[in-house]
Amino acid sequence: MVLSRMIYLLFSGLVLNGISMEGRGQTRTENLTNDEKLIFDAVTKIHLHLDDDRNGKVDLSESNEFMRDELKVTDTDRHSHFHGDDDLISVEELWKSWVQSEVNNWTSQDVVNWLVNSVHLPQYAEVFSQASINGSAMPRLAIENGLLQELGIKDSKHRKKIGLRAMDIVLFGPPFISGHSLLKDVVVAFSVLVATIGCWIAVLQKRKAKEQMERMIKDMKILQQAEDGLQELQIRFFYLSVFLHAYFFWTLRLAKAEEDHQMAIRDKLDLEVKLKEEMQITKSEAQQLTEARVGTEEQMQRLKLAEKELAQVQQALKKAEKELEYKSWKAPSVLKQWLLITFDKETKHFQQKRTVALKQMKEAKEAVSFD
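Here it is in structure tokens:
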């Protein structure tokens, strides 16, 4: 890089020596192309713009005033770079400095980048790119009523801004050129290397973190599956415990029901035995009642016969009394007394038998109605 820079400076010096006039401090323009003549005229106008006293030289005060009043900067390094060891800059020296400038070799893309990043007017980037404006045309951008009007930039403020920035880099070189050095290149390269290593380490860390995250996600999925399985087992265990409780409960209930059933069967058998015994007793009592009823009926029949006989005896007695009255015969008082006594006893005996028979008959009827 340093070698190519030295070759470029040597070649530029030879060109300048070929186009300069010796002894008179004037520049030969007959060997220049038309484009180079336009650029030389633009450099001359820039020099005239800085030469306030019109003595053909730009001194320190004039360049300093230009930087302070028009460019609004106070960069001593850039000012020193412009003058170097010469406090008075002529047109030829300014032209020589421009030919040797790095900006003169800018490509159209470099100019577009400068317009966007340094001038901050990106809306004209397409215009510059279509017109193929490279670094050699920069002096023509710095003068008024020059190339900017040909490009169709109508805004006067924008033309002035672009002209001042173009004049700045024509006179003082590209932005931050004074701070450029091999040490800075090494520092920048080392910074880029460190940044690259850092990015590589970051990529590795990211990849490692991603792998760890994937493993963690996989482990979390396995843990989630295990947790789901555990919950499912807990649910199954719960239902199984409920089923076992229900099974034991209903087993006890069935055992108790079976026991109650057996007890009911035993009670039923005992009841059937008791019923059979009571039926036997009832049958025997019914038979006895039937027999008693039959005996009562026989007694009733006897009683009825006795009543009939008694009625017949009474009728016979009445008849006998009538006959005795009719015959005027009176029985002895003793006989009459004995007859009354006999009649009373027979009547009492009859009444007792009748009462006993009625009672037995009533009991028989009640027993029959109960059955």
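Numbers -25 to -1, 1 to 346, taken from mature numbering (1 follows the signal peptide of the UniProt record, and there is no 0), label the letters of the sequence shown in order.
The beta carbon of each residue, even a glycine, is placed where N, CA and C say it ideally should be.
Bridge pairing for V33: I64 [DSSP].
In the three-state reduction of the DSSP assignment, N120 falls in the coil class. A Cβ-Cβ distance of about 6 Å is found for the pair M113 and I144, placing them in contact under the 8 Å criterion. Residues of the same chain with a CB within less than 6 Å of the CB of A291, apart from the 5 flanking positions on each side, do not exist. Annotated three-state conformation of S93 is coil, per DSSP. Taking all protein chains in view, the Cβ of V161 is surrounded by fewer than 16 other Cβ atoms within 10 Å, so the residue is classified as exposed. Exclusion of the five residues before and after S104 leaves S83 and V87 as the residues of its chain whose Cβ lies within less than 7 Å of its Cβ. Per DSSP, the unbroken alpha helix (DSSP H) holding Q105 starts and ends at A100 to A106. If you draw a straight line from the Cα of E68 to the Cα of V78, it is about 16 Å long. Between K185 and I118, the gap from beta carbon to beta carbon reaches 8 Å or more. Secondary structure of P114 (DSSP, three-state): helix.
Nearest neighbour of L314 by Cα position, chosen from Q289, M254 and V331, turns out to be Q289. F15 places its beta carbon 8 Å or farther from that of W81. Scanning its chain for C-beta atoms nearer than 8 Å, with the 5 sequence neighbours on each side dropped, one finds around L90 the residues L96, P97, Y99, A100, F103 and I137, in chain order. It is roughly 10 Å from the alpha-carbon of R182 to the alpha-carbon of W175. L227 and Y214 have their C-alpha atoms some 20 Å from each other.
For I128, there is no enclosing alpha helix (DSSP H), as DSSP gives it neither H nor E. The beta-carbon separation of E37 and D44, rounded to 11 Å, does not stay under the 8 Å limit for a contact.
Proximity to E282 across Q326, G31, Q263 and W225 peaks at Q326, based on C-alpha coordinates. Beyond the five residues adjoining it in sequence on each side, S107 comes within less than 7 Å, by CB distance, of S83 in the same chain, given in chain order. At the C-beta level, L63 and V18 stay beyond 8 Å of one another.
Residue burial is scored here from C-beta neighbours: S72 has at least 16 other C-beta atoms within 10 angstroms and is therefore classed as buried. For T82, the secondary structure class from DSSP, reduced to helix, strand or coil, is coil. If the five residues before and after L13 are omitted, its C-beta is found closer than 7 Å to the C-beta atoms of R115, all from its own chain and listed in chain order. Residues of the same chain with their beta carbon placed closer than 7 Å to that of H324 are lacking, with the five preceding and five following residues left out of the count.
Note on L123: 16 or more other CB atoms within 10 angstroms of its CB, so buried under the neighbour-count rule.
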